[in-house]
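Taken in order, the sequence shown gives residues 44 to 1000; the numbers are from the numbering used here. Report on the following structure.
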Amino acid sequence: MQNLFRRVRLSVSVSAALTLCVGLSLTALLFASVRRAETQVRTARFEQEASLRISAVSSGLSDAVQQVMVVNGLFRTFGNVTAEQFASFTAPLLARYPEIQALSYQHVIMDSERKRYEAQMRRRFPNFTISEFVGGTQRPAAQRDNYNVVEYIQPVEGNELALGLDTSRTPEHAAARLRSRTSGQSAATSLLTLVQVKGFHTGFLVLAPVYLRGAPIDTEALRQRAVVGETAAVFRVDHLIATLLNRAGLRGTPGMAVNIYAAASAQQSQLAFRDGQAARPLPADSLIPAWLLYDHATPKSASFTVAGTPWFMQVAQAPAPFTATPGGSLYALLGGILSSLLAAGAVYSVVSRKSVIERVTTERTRTLRDDNLRLAEDLALRMRTEKSLRLREKVIEVSSNAIIICSAVAPDYAIEYVNPAFESITGFSAADVIGKSLRTMAGASQDHQNIEEISAALREQREGHAVLRNYRKDGTGYWNDLYITPVRTDEGEIINFVVAQYDISAVMRYEAELEFQARHDALTGLANRNLLNERLERAISNARHGGTELWVVFVDLDRFKFINDTLGHEAGDILLKTLAERLKLAVREADTVARMGGDEFVLVLPEGTGRDAGMQVIQNIMDAVAEPLLIQSHEFFLTCSIGIAAYPSDGGTAETLTKHADIAMYRAKEMGRNTWQFYAPAMSERTRERLEIEADLRHALERGQLVLHYQPQLDLISGNIVGMEVLLRWNHPQHGTIAPSRFIALAEEMGLIMPIGAWVLRAACVQTRAWQLAGLGQLRVAVNLSPRQFTQKGLVQSIAAILEECGLDARHLELEVTESMVMSDVDHAITILRDLKQLGVQIAIDDFGTGYSSLSYLRRFPIDVLKIDQSFVSDIALKEDDAAIVHAIISLAHGLRLKVIAEGVETNEQLEFLREHGCDQVQGFLFSRPVPATEFAALAAGGLCVAAPVSKSVAHA
């Protein structure tokens, strides 16, 4: 009895202790899991906060430093800049960026020019002397070969000592000056102690070289010789960075430390800014992981460049105990401990009361349970056997596959049983086949090899498998996957065969469909690229052995994109399927028609194609494409461009022939479309040149290769220049000046027209404002908008920002759009034009008369000017029809209270006609070609007027 009680007490104690251990273990796991999740969330939050600070500082510094290049652009544009111009230009920059301590221009003066230069400067500053700092004292500069003199500085207040200061021997400036003059870009110094602000390393200087206007600067040596000065900006770095962080609301966050160094790593001597206290280290000898007890994230570091100088930034978070911010982990820990203690107490109470009863009951019921178990096993075995037999019978009955049981007696192997699925698959009832030979089920199948496999399995009394095509009772065929298995008795004797048929007709159809789809175009059903290559390789092999010629024909539809954009892709698909059927009818039986994708088709014309027969096929194709198409109640007339490559003269492989046919097709498009071209080797060179131009165009803007030319617009009443049209030119380093006709379309295709257009607009406005300030009059500048620019979101806002930045009045900007641009979506175009008019800019319809010329829509557009296309102006003195059209356009415009500008005026006869019929303004080669900014300024200053004599007419390029 005492042993019993000892076992009971031991069992109770172990159960309670085990419950407590399990509870505490689960609590520890739960606490660790919740802490891990909390740590990940807080780490992610810190990473986000750190990234915001890094982004704010790096982008803000880059933007501030960019102002040096803005000031530098003033000298690139005007060359010689007066002190008044410098002060006027830098005033808004200093107001916008108060963190800039000073903006200055430092002029390179040779020793031979010193006396003359000091005398000239004393006219404005009586005590002016080129000076330098020696030992902290400012004194006249010692004689040397050249001086880097601070000629202009803004603001003057607080920077008086810097005027006339020679910085050429300042060691802090030397490295930055060398880098800027070598690269032609801005360069920053290391941290400096500013004279204006006391403190440790409180600022830095950014320099940008100013070159002699027009001097070559392609190489480092040329740039060194062309330097005439440099623009510079002085930044108070602690104030600048603090402003950037305050502006973003990211400064002074408790527990967050920000350190910024003007170096590639955390060098204390180059510490530029510090916000917050440095994070204290965590205990390193603890057995418990630090993240389990503290909220701490790994400091985030980032490197970036400021005017070519590497900077390093580090953001750190001070560790804090997890209890400092109550969260789920604390509550999980406390709740788990309390729950574990309560559970252990409950188990101790329950187990101590029930354990004695359970032990007595267990002993008494053990014998009875053993007896009942043996009886239950006997009954269960019998029931399982009966159930298994019934289940097998049911499975065979409901199986969706045909099951046949036949005798193992040769040679007939008589059928003894078929299930319902056999009847539904084959159409034969059980009465039709029971008692008949299994061989009769083969029917009229021609697959003798697979039938023989089944016969061999029956003879050898083994398993067999074959895929057969059998026929139903109604004569229709079907594919089946057939398995045959022998049935053995306990003694091993084979008494029957079980045959299972799986109907795989759908699978076979699907495989055939997949094979077709892999070799044919899904939309048109024509051969795809894979099948085309197979047939073309085979045709090339046949032509090689037969010594015959074959043609590869590349067909591309003209204006297909217009239909897609107008009616949608569904209409485009209908058109492609219709044209695919026409192409199949236009070629011969031996020819192959394939679709390469989009609106491109490739034809293979094999078997000794003679030139007459081949050209007849080409003509059939062009006639088939040209037939009218009615899609969604719209009638279309399409054309196509065709390129032809012949084997063996144009290539010996499928890839070469296809590529050369493609090149010939593009040549056909360049020839005006709706034509065909045979491949010639010279076309490859044109294609290579086009690819080279495409590659160079991606970098033309950033390399400064794009320039603007200006063509004067003259008023026929006053005779004076009243404006100019901006025309873009590309100064390519290898190909020379490239006309817009060769690269504007490429820019549209490559998605570069948006940045190029924005640059043209900004540069034109800056130049126009500069001419106005230079006293050349209130000139108006006309800028062409591309279709993509016109439809871009934020067009009006971007133009308003450019005008505000340049200081140009909106009425002095004229935006030219074509009729096709505004007619593609009239309502949307009217909305855009009205927004532009509210901004105050002038709107002109360019090339009027060459597009839609819808008068009903013209009166709805808020426009100011109609520009008569030069195609009408060129023959107004020779052709009455053109003269009548021009007269009608002028009358129509004046009736709508619009001004008229005639383009392409080249002869005095054209000028007199336009003057007589009331044309307002003219432009053309009679007065001036499009010229660079410097030449235009000379024309405007020289008083170019309508009456200027022209020696002879000049053909318009």
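Note that the Cβ used here is the ideal one computed from N, Cα and C, for glycine as well.
Other residues of its chain near residue i: CB distance less than 6 Å, five sequence neighbours each side excluded
{"i": "ARG220", "result": "LEU250"}
{"i": "ALA926", "result": "ILE919"}
{"i": "ASN663", "result": "ALA629"}
{"i": "PHE243", "result": "Because PHE243 sits at a pLDDT of 49, beneath the cut-off of 50, its placement in the model cannot be relied upon, and the following sentence gives the value as read from the coordinates. Nothing listed; no residue qualifies."}
{"i": "THR115", "result": "For the sequence presented, residue 115 should be read as Asn rather than Thr. Here the set comprises ALA251, THR274."}
{"i": "ALA872", "result": "VAL865"}
{"i": "SER344", "result": "GLN357"}
{"i": "HIS855", "result": "ARG823"}
Coarse secondary structure for residue i, derived from DSSP in three states
{"i": "SER450", "result": "strand"}
{"i": "GLY179", "result": "coil"}
{"i": "MET866", "result": "helix"}
{"i": "ARG294", "result": "coil"}
{"i": "GLY470", "result": "coil"}
{"i": "CYS988", "result": "strand"}
{"i": "THR977", "result": "helix"}
{"i": "VAL111", "result": "helix"}
{"i": "PHE243", "result": "Any answer about PHE243 is weak, because its pLDDT of 49 lies below 50 and its placement is not dependable; what the coordinates show is given next. In the structure shown, PHE243 sits in coil (DSSP, three-state: anything other than H, G, I, E or B)."}
{"i": "LYS910", "result": "strand"}
{"i": "HIS703", "result": "helix"}
{"i": "PHE597", "result": "strand"}
{"i": "VAL884", "result": "coil"}
{"i": "GLU92", "result": "helix"}
Unbroken beta strand (DSSP E) run spanning residue i, endpoints
{"i": "GLY686", "result": "682–690"}
{"i": "THR144", "result": "Per the sequence shown, the amino acid found at residue 144 is Gln instead of Thr. From DSSP, the beta strand (DSSP E) with GLN144 extends over 143–153."}
{"i": "HIS775", "result": "764–775"}
{"i": "ASN123", "result": "Careful: ASN123 lies outside any beta strand (DSSP E) and carries neither H nor E."}
Residue range of the alpha helix (DSSP H) that includes residue i
{"i": "ILE674", "result": "Element bounds for ILE674: not the alpha helix (DSSP H) but the beta strand (DSSP E), 672–674."}
{"i": "PHE559", "result": "548–562"}
Inter-residue spacing [alpha-carbon to alpha-carbon] between residue i and residue j
{"i": "THR528", "j": "VAL645", "result": "54 Å"}
{"i": "PRO353", "j": "ALA230", "result": "11 Å"}
{"i": "PRO830", "j": "LEU876", "result": "13 Å"}
{"i": "LEU822", "j": "ALA723", "result": "50 Å"}
{"i": "THR567", "j": "THR699", "result": "25 Å"}
{"i": "ALA931", "j": "ARG578", "result": "60 Å"}
{"i": "GLY818", "j": "VAL111", "result": "26 Å"}
{"i": "PHE176", "j": "HIS778", "result": "51 Å"}
{"i": "GLU857", "j": "VAL765", "result": "12 Å"}
{"i": "GLN748", "j": "SER155", "result": "36 Å"}
{"i": "ILE911", "j": "PRO973", "result": "18 Å"}
{"i": "ILE845", "j": "ILE143", "result": "23 Å"}
{"i": "VAL349", "j": "TRP802", "result": "24 Å"}
{"i": "LEU67", "j": "GLY378", "result": "10 Å"}
{"i": "ASN585", "j": "PRO649", "result": "9 Å"}
{"i": "GLU440", "j": "ALA464", "result": "8 Å"}
{"i": "ALA500", "j": "VAL452", "result": "13 Å"}
For residue i, the nearest candidate out of the options (CA to CA)
{"i": "LEU757", "options": "GLY747, GLU768, VAL750", "result": "GLU768"}
{"i": "ILE661", "options": "ASP693, ILE706, TRP594", "result": "TRP594"}
{"i": "VAL989", "options": "SER761, VAL839, SER914", "result": "SER761"}
{"i": "THR86", "options": "PHE129, GLN310, ALA340, GLN109", "result": "ALA340"}
{"i": "GLN311", "options": "VAL596, VAL270, THR296, PHE355", "result": "PHE355"}
{"i": "GLU263", "options": "ALA363, ARG224, ASN774, ALA71", "result": "ARG224"}
{"i": "ILE1024", "options": "ILE736, HIS775, GLU745, GLU592", "result": "Given that the chain is displayed from residue 44 to residue 1000, the structure contains no residue 1024 and the question cannot be resolved."}
{"i": "ALA743", "options": "ALA145, TRP773, PHE316", "result": "TRP773"}
{"i": "SER971", "options": "CYS962, GLY947, ARG958, HIS960", "result": "GLY947"}
{"i": "SER467", "options": "VAL438, LYS516, GLY478, VAL452", "result": "LYS516"}
{"i": "GLU737", "options": "HIS775, ALA707, PHE347", "result": "HIS775"}
Residue i Cβ short of 8 Å to the ligand MN heavy atom set
{"i": "GLY351", "result": "As for the ligand MN, it is missing from this structure, which has no ligand bound."}
Cβ-based neighbour list, residue i, same chain, cut-off 7 Å, excluding 5 preceding and 5 following
{"i": "LEU411", "result": "none"}
{"i": "GLY227", "result": "PRO252, ILE260, ARG266"}
{"i": "GLY967", "result": "GLU946, GLY947, VAL948, GLU949"}
{"i": "CYS449", "result": "TYR456, ALA457, ILE458, GLU459, LEU481, ASN539, PHE540, VAL542"}
Cβ-based neighbour list, residue i, same chain, cut-off 8 Å, excluding 5 preceding and 5 following
{"i": "SER308", "result": "PHE355"}
{"i": "MET551", "result": "TRP522"}
Min CB distance residue i to chain D below 9 Å
{"i": "TYR553", "result": "In the structure shown, chain D does not exist; there is a single protein chain."}
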